[in-house]
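Down below is the structure, laid out as structure tokens.
In the UniProt record's numbering, the protein residues as written are 1 to 207.
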């Protein structure tokens with residue numbers, strides 16, 4: 001069983017993806033970490049985030065098993081990831097990696113921006129998870145503050161809106177809801193309520 005979860009930044013799709021994967025006994029891939037890892041490699045090498053050729057090389061060298069580095073979760077990497085994700089060369093390099101992950105015999109849960117539309121268009125269940133920009137910024141602000149990040153709420157909100165603009169308007173694989181994806185608005189939901197709603201959607205799609 002393949003579950004595809006898409007949505008904008010800080011919508012809750014990553015947290016939901018992990019819980020859904022545990023619930024069904026499936027592997028989980030936060031595909032956003034792939035783009036964060038590419039950006040991180042460029043920064044570590046002293047390369048500009050505008051260098052598509054170097055970004056594509058970094059993407060081809062990625063190993064899914066090395067994506068747990070806590071440094072990839074910061075605000076800087078989130079903004080940087082949104083920039084390199086717009087490069088066709090980077091997206092092309094990562095398509096095969098993501099599809100290989102989804103093709104494991106038992107299936108998998110993948111969350112990102114183009115899972116249901118590009119990576120796994122034939123997924124057994126598709127969710128498009130969203131929330132208001134203000135609520136998403138509030139969630140991300142609390143997450144970053146808990147890590148000691150000095151960023152302000154206004155800065156987080158501005159970053160969320162800028163990332164939404166880049167993600168929905170990029171030329172290749174823009175963020176959009178697949179026609180057969182169920183919409184799950186988590187603005188007024190806590191994680192438990194969102195999880196129950198998501199499981200109901202998956203069960204209905206796979207029954």
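Using N, Cα and C, we set each Cβ at its ideal position, and we do this for glycine too.
Hey, out of 106, 134, 149 and 114, whose CA is closest to residue 31's CA?
114
Quick one: Cα of residue 184 to Cα of residue 197, how far?
8 Å
Within the continuous alpha helix (DSSP H) that includes residue 195, where are the two ends?
191-206
At which residues does the beta strand (DSSP E) containing residue 185 begin and terminate?
182-185
Mind checking which residues open and close the beta strand (DSSP E) that includes residue 108?
108-112
Would you grab the beta carbon distance between residue 56 and residue 41 for me? Rounded to a whole angstrom, and I think it's under 8 Å.
Not a contact, Cβ separation roughly 11 Å.
Suppose only complete runs of 4+ residues qualify. What are the alpha helix (DSSP H) ranges in the segment 38-79, listed by chain order?
52-60
Under 8 Å, do residue 27 and residue 108 count as touching if we go by C-beta distance?
yes
Which of the three DSSP states is assigned to residue 117 in this structure?
helix
Going by DSSP, what residues sit across from residue 129 in a beta bridge?
184
Provide the residue(s) that pair with residue 6 in DSSP beta bridges, ordered along the chain.
112 and 128
Taking 8 Å as the cut-off, decide whether the C-beta atoms of residue 163 and residue 11 are in contact.
no
My guess is that residue 35 and residue 84 are in contact by the Cβ rule of under 8 Å, so how many angstroms apart are they, rounded?
6 Å
I'd like the list of long-range same chain contacts for residue 171, defined as Cβ closer than 8 Å, with 5 residues on each side in sequence excluded.
86 and 88
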